[in-house]
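Comments concern the structure below.
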Amino acid sequence: MTTTPSDESTPETVPWPQQLYDSIWLLAGAALLFFTLSYIVWGLIDLLTVGLG
Numbered sequence: 046m047t048t049t050p051s052d053e054s055t056p057e058t059v060p061w062p063q064q065l066y067d068s069i070w071l072l073a074g075a076a077l078l079f080f081t082l083s084y085i086v087w088g089l090i091d092l093l094t095v096g097l098g
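Below, the structure written as structure tokens:
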């Protein structure tokens, strides 16, 4: 079996979205972070749009 030089010289890197999908705890943490930040931003926008009085 022959191998090409590119197979030996370049290690395969896994993209960060694939690492996120492969780890259930990392995915759960990302979901919690996303929902927490989105509700905080939504709440701040809601508070800033309410008039005084």
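Under this note's numbering, think of the first position of the sequence shown as 46, with each following residue one higher.
From the three backbone atoms N, C-alpha and C, an ideal C-beta is built for every residue, glycine too.
Model, not experiment: these values are computed from the prediction.
DSSP, reduced to helix, strand and coil, places residue 83 within a helical segment of the structure shown. In this structure, residue 65 and residue 72 form a Cβ contact; the two beta carbons are roughly 6 Å apart against a cut-off of 8 Å.
Taking the CA atoms as reference points, residue 63 sits about 18 Å from residue 78. Where residue 56 is concerned, there is no enclosing alpha helix (DSSP H), because DSSP gives it neither an H nor an E.
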